[in-house]
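A.B. asks:
Residue numbers (my numbering): 212 to 819.
Shown next, in the form of structure tokens:
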């Protein structure tokens, strides 16, 4: 019996009798956090679900994705299970195995007509009893119908269907990413008009806070993607809250050295940054920002607490509130003639927003949904000896995030050696390219999920079709981004700064930034396909090799030795992304999809 059959729980996951978590207490589960439940996916779309950790970048860095191992079906949340079942039924209807949905009212013009054949009855309702019986039989156990159809090779998909599905999956992600990134963009907008030094200082402060703080929080919190998901899927719901508490106390402990670094950041930056005024402004920004660090840590763990329960829209709802509030705070605290206090108003707005987000998430859990996994505060959460599984899972995620983010942050550091105006322009360029990246990044996540699901269901040809649609779709998105940045390059700088030199630097450098939008988009989609195939290590190594062995050395050489300035810094990145897009696309084109199906099944058997 498939775990997604009609005998599966309709509301909440239950403890599977033969699970290694059965008849165990919370401590036993913690020691066996990596174990999975031996179930047979039965060619289900949920046979290879990957619930990835999405990491949103700050001012300079882009978003990143830490792909988890395939989750066994018993760890899939109710929301994910329902989506998988609906996708299966939809494919069955497309392949004429299940009848299409009928209108609620049954009006003649709302029913799908069909061409008459010799076998059709002469009277309109003749044989309806037999047909209804077949329909009822088909709908009685759609999971069994799905399994039989997959084994018989009857399930195929089309590029039209995959286009619709990827668009549907990507839409909410695009909104969420843009909302979260708007929190940073608001600070750039508000501070940029104060002056060139202030705009450059925000860039410098963002680089420092990202490397020494935010990426550390995000990387360490990725441990909850595994621990909370497995605890919830095993039926030990209170353990989800316990894992969250442990991670929060862990991040709070890490906040102490982070806070010390931020408080003394001016002294730390002076030997590195040639302009002392920038160090003073950035140091002041970071000293204020430190007060919001615990709130940001609470947001990161709280977000994963609700996502492990399948409550994915909670963070989007909160961002829909916090994004406009943050924009208003930036105006009031930076520019308002009465209560505004200039440059330091921007980090103050960030601090308030960083505390507002976890507060609203707490109210959402208490008043709306998600409280069933909260068992109250526990002394077990502060027992250091029980932190082992969490730390072992957290460190690889931290290393992967830092290795990718540092490459882009170093461009900011390099720009500071050109001039303050170059650093200010770099801030604008990085913001623009990061905003445009959010759309193909969302597509890559949707593609990763869809490809993994198809491979888990042994539908290699369908996974290939989905991959082709994703690559073509990313190409179109890249062309759209190229067109957008090219046609607005003389106007974008004016939105952030009044300095004519900064505006000209932005306009002169945007063509190279616009050019690589095309292959940046394709590279994002290709990376999503590789993650869906379970070959995320290939993508990770290709990216790291391209950034550290090609992009950064060439960027520094072109910027300083050849005197290309910002053009040189971005040309190295552009060439590296082109190489990544070509290599990963070639790997995908040469993929033997039936072999990928076999690999997916082997991984699932190993996990089980």
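Virtual Cβ for every residue (Gly too), placed ideally from N, Cα, C.
Since the model is a prediction, treat every value here as computed from it, not as a measurement.
Any chance the segment 500-514 sits against the segment 457-476, with 3 or more Cβ pairs inside 8 Å?
C.D. replies: As far as the Cβ criterion goes, the segment 500-514 touches the segment 457-476, which means the pair count is three or higher.
A.B. asks: At the level of alpha carbons, what is the spacing between residue 342 and residue 301?
C.D. replies: In this prediction, residue 342 has a pLDDT of 44, which is less than 50 and means its spatial position is unreliable; nothing more can be read from the coordinates.
A.B. asks: If we count the other Cβ atoms within 10 Å of its Cβ and call it buried at 16 or more, is residue 362 buried or exposed?
C.D. replies: It is exposed - the Cβ of residue 362 has fewer than 16 other Cβ atoms within 10 Å.
A.B. asks: Considering residue 720, what are the terminal residues of the alpha helix (DSSP H) in which it resides?
C.D. replies: Note, residue 720: alpha helix (DSSP H), 711-726.
A.B. asks: For residue 567, tell me which candidate among 455, 403 and 507 has the shortest Cα-Cα distance.
C.D. replies: Looking at the Cα atoms, 507 is the closest of the given residues.
A.B. asks: Apply the 10 Å Cβ neighbour rule to residue 582 and answer buried if 16 or more other Cβ atoms are within range, or exposed otherwise.
C.D. replies: Exposed is the call here.
A.B. asks: Could you tell me the alpha carbon to alpha carbon distance between residue 538 and residue 706, rounded to whole angstroms?
C.D. replies: Each residue's alpha carbon lies about 15 Å from the other.
A.B. asks: Can you find the residues in the same chain that come closer than 7 Å, C-beta to C-beta, to residue 803, ignoring five residues on each side of it along the sequence?
C.D. replies: Nothing listed; no residue qualifies.
A.B. asks: Cutting at 6 Å between CB atoms, please list the residues of its own chain near residue 800, excluding the five before and the five after it.
C.D. replies: Closer than 6 Å at the Cβ level, and outside the excluded window around residue 800, lies no residue.
A.B. asks: Using the rule of at least 16 other Cβ atoms within 10 Å of the residue's Cβ for burial, across every protein chain shown, is residue 529 buried or exposed?
C.D. replies: It is buried - the Cβ of residue 529 has at least 16 other Cβ atoms within 10 Å.
A.B. asks: Thinking just about the alpha-carbon of each residue, which of 751, 383, 808 and 416 is nearest to the one in residue 558?
C.D. replies: Nearest C-alpha to residue 558: 416.
A.B. asks: Please list, in chain order, all residues of the same chain as residue 546 whose beta carbon is under 7 Å from its beta carbon, the five residues on each side excluded.
C.D. replies: Contacts found: 401.
A.B. asks: Give the list of continuous alpha helix (DSSP H) stretches no shorter than 4 residues that lie fully inside the segment 746-777.
C.D. replies: Entirely contained in the segment 746-777, the alpha helix (DSSP H) runs reaching 4 residues are, in chain order, 747-756 and 763-767.
A.B. asks: Roughly how many whole angstroms lie between the Cα atoms of residue 490 and residue 754?
C.D. replies: Spanning the two alpha carbons is a distance of roughly 31 Å.
A.B. asks: Taking 8 Å as the cut-off, decide whether the C-beta atoms of residue 605 and residue 433 are in contact.
C.D. replies: Taking 8 Å as the Cβ cut-off, residue 605 and residue 433 qualify as a contacting pair.
A.B. asks: State the Cα-Cα distance for the pair residue 386 and residue 656, rounded to the nearest angstrom.
C.D. replies: Taking the straight line joining both Cα atoms gives about 14 Å.
A.B. asks: Just curious, the alpha helix (DSSP H) that residue 640 is in, first and last residue?
C.D. replies: Unbroken alpha helix (DSSP H) run through residue 640: 631-667.
A.B. asks: Please report the distance separating the alpha-carbon of residue 600 from that of residue 431.
C.D. replies: For residue 600 and residue 431, the distance between alpha carbons rounds to 12 Å.
A.B. asks: So, helix, strand or coil for residue 403, using DSSP?
C.D. replies: Residue state, collapsed to three classes: helix.
A.B. asks: From 551, 413, 584 and 496, pick the residue whose C-alpha is nearest to that of residue 440; which is it?
C.D. replies: The option with the nearest alpha carbon to residue 440 is 584.
A.B. asks: Enumerate in chain order the residues of its own chain whose CB-to-CB distance from residue 659 is below 6 Å, with the five nearest sequence positions on each side excluded.
C.D. replies: Here the set comprises 739, 742 and 743.
A.B. asks: Check each candidate in 626, 728, 450 and 409 and name the one with the smallest Cα separation from residue 493.
C.D. replies: Closest option to residue 493, Cα to Cα, is 409.
A.B. asks: Among the residues of its own chain, which have a CB less than 6 Å from the CB of residue 721, if the five just before and after it don't count?
C.D. replies: So the list reads 696 and 700, once near-sequence residues are dropped.
A.B. asks: In three-state DSSP terms, what is residue 250?
C.D. replies: With a pLDDT of 38 at residue 250, under the threshold of 50, the modelled position of that residue is not reliable, and no figure is offered here.
A.B. asks: Once you ignore the five residues that flank residue 469 on each side, which residues in its own chain have a CB closer than 8 Å to its CB?
C.D. replies: 423, 424, 427, 501 and 504, listed in sequence order.
A.B. asks: Residue 482 to residue 476, Cα distance in whole Å?
C.D. replies: In a straight line, the C-alpha of residue 482 is about 11 Å away from that of residue 476.
A.B. asks: What whole-angstrom Cβ distance do residue 777 and residue 636 have, given they're in contact under 8 Å?
C.D. replies: Their Cβ separation, rounded to whole angstroms, is 6 Å, which keeps residue 777 and residue 636 in contact under 8 Å.
A.B. asks: Just how far apart, CA to CA, sit residue 765 and residue 625?
C.D. replies: Roughly 12 Å separates the two Cα atoms.
A.B. asks: Could you say which of 579, 702, 731 and 698 lies nearest to residue 645 if we only look at CA atoms?
C.D. replies: It is 731 whose Cα lies nearest to the Cα of residue 645.
A.B. asks: Please state the DSSP three-state secondary structure of residue 519.
C.D. replies: Looking at residue 519 - three-state DSSP - the assignment turns out to be coil, as it is neither helix nor strand.
A.B. asks: Measuring alpha carbon to alpha carbon, tell me which residue in 713, 586, 389 and 452 is nearest residue 518.
C.D. replies: Out of 713, 586, 389 and 452, 452 has the C-alpha closest to the C-alpha of residue 518.
A.B. asks: Would you identify the three-state DSSP class for residue 628, choosing helix, strand or coil?
C.D. replies: Three-state result, residue 628: coil.
A.B. asks: I'd like the ranges of any alpha helix (DSSP H) spanning at least 4 consecutive residues and lying wholly in the segment 390-451.
C.D. replies: Runs found: 407-420, 426-432 and 434-444.
A.B. asks: Are the beta-carbon atoms belonging to residue 734 and residue 784 less than 8 Å from one another?
C.D. replies: No, these two residues do not count as a Cβ contact at 8 Å.
A.B. asks: For residue 420, collect the residues of the same chain with a Cβ closer than 8 Å to its Cβ; drop the 5 residues on either side in sequence, then sort them by chain order.
C.D. replies: 269, 473, 497 and 500.
A.B. asks: Could you check whether residue 377 and residue 180 sit closer than 8 Å to each other, using their CB atoms as the reference points?
C.D. replies: An answer regarding residue 180 cannot be provided, because it is not within the stretch 212 to 819 covered by the chain.
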